[in-house]
Structure formats: C-alpha cells, structure tokens
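**Q** Numbered per the working numbering, the sequence shown spans residues 4 to 90. Yeah, the Cβ is synthetic: ideal placement off N, Cα and C, and Gly gets one too. As the structure is a computational prediction, the values presented were derived from the model and not from experiment. Below you will find the structure I want to go over with you.
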Amino acid sequence: MANSPQAAKRARQNEKRFAINKARRSRIRTFLRKVEEAIASGDKEAATAALRAAQPELMRGVTKGVFHKNTAARKMSRLSARVKAMG
4 MANSPQAAKR ARQNEKRFAI NKARRSRIRT FLRKVEEAIA SGDKEAATAA
54 LRAAQPELMR GVTKGVFHKN TAARKMSRLS ARVKAMG
C-alpha cells in the first residue's frame, strides 16, 4: 500500500499505463499472428498485405515504448525474409 499521496498517484498511473500497454502489445501480436498465418497458408499476396499492415503497428509500439526498436527491427526483418522466400 502506498504511504504517500505521490506514491498512491504513481500506483494509479502505473495501473492505467499497464492496461494501455497490455492492449497495445496484444494488438501488435494479433497483427504479427496474421502475418504468420498467411505465411503458413502459403499465400504470398496475403502475407505481403499482412506484413504491410503489421509494420506501422510494430513501429508505433516502439514509439509508445512497448517494444525496443531493435526488437521491432528484428521481428520485421525476420518476417520480411520469410515472406520474400515464399514461392
């Protein structure tokens, strides 16, 4: 339990940020999963479209502090390579 008013406020803010970040992380994972599913189905056009939709979401996650920029770059690079390698 917070002992001071400022600690209580920080606790409230942390809860709020946690909920926002959790939703944002979940949304990004959904976009990434759509790319994975398109790759698994073998549909290159769908995979490319899903990748194009996922990229700005992932970068927005970096801007908002949900992901580190190198993590996002690594994910994009690996997904791009997999889509490119599709026949």
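Report yes if the C-beta distance between A14 and A5 is below 8 Å; otherwise report no.
**A** Taking C-beta atoms as the reference points, A14 and A5 count as a pair closer than 8 Å.
**Q** In chain order, which alpha helix (DSSP H) runs of at least 4 residues are fully inside the stretch 9-57?
**A** none
**Q** With distances taken from CA atoms, which of L82, P8, G90 is nearest F34?
**A** L82
**Q** Got a sec: does the ligand GTP put a non-hydrogen atom nearer than 7 Å to the Cβ of R20?
**A** Inclusion of the ligand GTP in the displayed structure is not the case, the ligand content being empty and no account of it being possible.
**Q** If you draw a straight line from the alpha carbon of N24 to that of V69, how long is it in whole angstroms?
**A** 6 Å
**Q** For A43, count neighbouring Cβ atoms within 10 angstroms of its own Cβ and tell me buried if that reaches 16, exposed if not.
**A** When all chains shown are included, A43 counts as exposed.
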